[in-house]
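In the numbering used here, the protein residues as written are 20 to 194.
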């Protein structure tokens, strides 16, 4: 898959383009018009509680993104990534019949800007992590962040501000 093909698909839907790690783009295959995945989908991307344990059990790189939801007012953007000692699961409002498209697009653009900055930090510092960084940021399911250690336990941290901002603050302290 080419980065340009993904960008065009998102632009045709009048949606902002999320960060696309270049190393993983070539592994993506289209599942549908606005759904791309590096492997056969594990479950419906809407079903994060089923998806996340499957991703966490593997050490293989994984990337899946697109839209999910049901009905006319329940569309969500999902972004599942396992790469560079990071497991990231994001579900954000994407659109729907009763959502202000312009406002929602601006909100997603701001969110993607934070995500780009976070992925840049992770890419630079992942070799210095003491464990695998786990970030779950969902408007549908429980959210949080923490470190998964070699014994597969996850030490979750309190969520006292935006998850992405909180993780960026922690990453700034890692050499």
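The C-beta atom is built at its ideal place from N, Cα and C for all residues, glycine as well.
Length of the line joining the Cα atoms of residue i and residue j
{"i": "residue 25", "j": "residue 191", "result": "31 Å"}
{"i": "residue 31", "j": "residue 52", "result": "10 Å"}
{"i": "residue 48", "j": "residue 74", "result": "18 Å"}
{"i": "residue 144", "j": "residue 44", "result": "21 Å"}
{"i": "residue 140", "j": "residue 88", "result": "30 Å"}
{"i": "residue 61", "j": "residue 114", "result": "24 Å"}
{"i": "residue 163", "j": "residue 137", "result": "15 Å"}
{"i": "residue 70", "j": "residue 85", "result": "14 Å"}
{"i": "residue 126", "j": "residue 79", "result": "31 Å"}
{"i": "residue 135", "j": "residue 175", "result": "23 Å"}
{"i": "residue 146", "j": "residue 182", "result": "22 Å"}
{"i": "residue 205", "j": "residue 116", "result": "Since the first residue shown for the chain is 20 and the last is 194, residue 205 is missing from the structure and cannot be characterised."}
{"i": "residue 193", "j": "residue 63", "result": "35 Å"}
{"i": "residue 98", "j": "residue 41", "result": "15 Å"}
{"i": "residue 34", "j": "residue 23", "result": "14 Å"}
Cutoff 6 Å; reference residue i; Cβ partners in own chain excluding five residues on either side
{"i": "residue 56", "result": "50, 83"}
{"i": "residue 168", "result": "150"}
{"i": "residue 105", "result": "141, 152"}
{"i": "residue 46", "result": "57"}
{"i": "residue 148", "result": "104"}
{"i": "residue 100", "result": "82, 107"}
Three-state secondary structure (DSSP) of residue i
{"i": "residue 191", "result": "helix"}
{"i": "residue 46", "result": "coil"}
{"i": "residue 106", "result": "strand"}
{"i": "residue 146", "result": "helix"}
{"i": "residue 129", "result": "helix"}
{"i": "residue 184", "result": "helix"}
{"i": "residue 36", "result": "coil"}
One or two residues paired with residue i in a DSSP bridge
{"i": "residue 154", "result": "107, 164"}
{"i": "residue 123", "result": "Paired residues: none, contrary to the question."}
{"i": "residue 101", "result": "81, 106"}
{"i": "residue 87", "result": "95"}
{"i": "residue 176", "result": "164"}
{"i": "residue 8", "result": "Because residue 8 is not part of the residues shown, which for the chain are 20 to 194, the question remains open."}
{"i": "residue 112", "result": "95"}
Cβ neighbours of residue i in the same chain (closer than 7 Å, five flanking residues each side left out)
{"i": "residue 28", "result": "52, 53"}
{"i": "residue 142", "result": "103"}
{"i": "residue 59", "result": "none"}
Cut-off 8 Å between Cβ atoms - residues of its own chain near residue i, not counting five sequence neighbours on either side
{"i": "residue 123", "result": "112, 113, 114"}
{"i": "residue 186", "result": "137, 152, 154, 164"}
> Quick one: any contact between the segment 168–185 and the segment 85–94, if contact means 3 or more CB pairs under 8 Å?
Replying inline: At 8 Å Cβ cutoff, the stretches do not touch.
>> Within 8 Å, do at least three Cβ pairs link the segment 147–162 to the segment 107–119?
In response: Pairwise C-beta distances place the segment 107–119 in contact with the segment 147–162, as three or more of them are shorter than 8 Å.
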